[in-house]
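Counting from 1 along the sequence shown, just add 4 to a position and that's the residue number in our numbering.
To keep things clear, I will list the structure first and then write my remarks on it.
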Amino acid sequence: MNSGSLSLSNSEIVKIYEERFNPDEEYLGRNKQVNKIEPLVSVFITTYQHAPFIRDCIDGALMQKTSFPIEILIGEDESTDGTREICMEYAEKHPDKIRLFLRDRKTSQLYDEDGNLIMRFNHKWLRKSARGKYIAVCEGDDYWTVENKLQKQVDFFNKNDDYILTVGGYLMCCEKSGKMKKVIRRVNKPGNEQPDGYTFNGEMASKRWITKTLTIMYRNLEEIFNDSYIYKNARDVHFIYHLMKYGKGFYFTEVFGVYRIHDGGVYSSKSAEERVILRYNISKDLYLKNRDNNSRLMYLIAISVLLKNCNDEFYLHHKNFSKFRMFTEWFRLLRTPGEIYTFVRTTLGFLFGIKNK
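Here it is in structure tokens:
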């Protein structure tokens, strides 16, 4: 979920989204076997230019062993590298599981009058077509490695009505080097640990990004999606932020799949500098729209990360940023003694060259 400058109102964006939505984009029609079932889980796969990876992604969804019906919704965003043809091949072979939507990028992308991207509708349109009580997501360049992933997450939801989200660990794969790194996020909070994972809330998720799109499953609540229209830098982080307002999250401390880092990745292809700026813009946007403690924490942390990771050359190349402005914004967000201590220590480090440990 990406965006550029926002020149349209929220109501105008929603109107365009609704007007452009075309259910007839569903490949092979709406009378397939999969259309006649009542799925408990809808699997979302958004894909564009993923020809080297998409087979692994779809196979990971098809291999799931469940005691309930599922539907696999694929939003193919008019790729030119063969991805579309691969998706069509799978849809033809698995009409009992796959619903393929062939997008037209002239309508699935929304731009402002200056040519800046405002919003991509592909994922949102999948949500509009989904019928499952739960939603699981795996982008086209990632894939699942555990055949009981969906079953495990649904079993947890069935036993815990007050949870809105479940996530897990993953392997981070660098396509260039072939190296794999196991990533299991941990949050130290007494009382939240269980044998197979731990519980987290919105505040814990705000302090540290512990979710990964390819591992998530959440309850299908329409109101959560409506919240995302108010942002000009809409990303997954916005969605998770609002999702956590409706319940608790559970983190399974096991690997569910593989997250690929490659040159074509929307996020993984960005430089470290671009990621820091993106994190700052997203966090600031969240705080200005919500002004609650969780969005404040995200904004505060994003500012401190920018200050600690960007050198003088960065500020020369980015005139809209300055150390004075960053410290001023940070100061205005301070609330607790611990936050004040960190701010003072970091400020002294910049003034007198004291290194923070």
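Glycine included, every Cβ here is placed at the ideal spot set by N, Cα and C.
These numbers come from a predicted model, not from an experiment.
Contact check for P43 and G119: beta-carbon distance about 39 Å, past the 8 Å limit, so the pair fails to qualify. According to DSSP, T51 shares a beta bridge with E80. For the set E258, N196 and F204, the Cα lying nearest the Cα of M248 is the one of F204. Contact between the stretch 28-37 and the stretch 207-219 is absent: fewer than three C-beta pairs spanning the two stretches fall below 8 Å. When the beta-carbon positions are compared, I122 and Y250 stay at least 7 Å from each other. The Cβ atoms of H246 and Y235 lie no closer than 7 Å to each other. Of E22, F356, F161 and E197, the smallest CA-CA separation from I220 is found for F161. The beta carbon of Y21 is closer than 7 Å to those of F125 and K128 in its chain, skipping five residues each way along the sequence. Below 8 Å, too few C-beta pairs join the stretch 282-297 and the stretch 178-189 to call them touching: fewer than three. Taking T351 as the centre and dropping the five residues before and after it, the same chain places the C-beta of F331 closer than 7 Å to its C-beta, in chain order. With fewer than 16 other beta carbons inside 10 angstroms of its own, T340 counts as exposed. Taking a C-beta distance under 7 Å as the contact criterion, N313 and V280 qualify as a contact pair. By the CB criterion at 7 Å, G173 and V191 fall outside the cutoff. For T111 against R24, the beta-carbon gap comes to about 4 Å, under 8 Å, which counts as contact.
Spatial neighbours of V309 in its own chain (CB-CB distance under 7 Å, excluding positions within 5 residues in sequence) are listed in chain order as V280 and R283.
In the DSSP annotation of this structure, the continuous segment of the beta strand (DSSP E) that includes V262 starts and ends at K252 to I265. Counting along the chain, R103 sits inside the beta strand (DSSP E) bounded by residues I102 to L106. The continuous stretches of alpha helix (DSSP H) do not include Q113, which lies in the beta strand (DSSP E) extending over residues Q113 to Y115. Inter-residue distance for Y138 and K163 is about 14 Å (C-alpha atoms, whole angstroms).
Two segments are said to touch when three or more pairs of C-beta atoms, one from each, lie closer than 8 Å; by this definition the stretch 102-111 touches the stretch 65-79. Every alpha helix (DSSP H) stretch that sits fully inside the stretch 273-358 and reaches 4 residues is listed by chain position as 276-294, 297-313, 316-321, 327-337 and 341-356.
From the listed residues E197, A276 and G353, the smallest Cα separation to T257 is found for E197. Our two residues, N26 and D108, have alpha carbons roughly 10 Å apart in a direct line. In the three-state reduction of the DSSP assignment, S46 falls in the strand class. Inter-residue distance for I58 and H322 is about 37 Å (C-alpha atoms, whole angstroms).
Excluding residues up to 5 positions away in sequence, K185, V187 and Y263 lie with their Cβ nearer than 6 Å to the Cβ of M176 in the same chain.
One alpha carbon belongs to V259, the other to V150, and they sit about 8 Å apart.
Look at G64 here: in three-state DSSP terms it is helix. CA-CA distance, D100 to C61, rounds to 17 Å. In the displayed model, G136 falls within coil according to three-state DSSP, outside both helix and strand.
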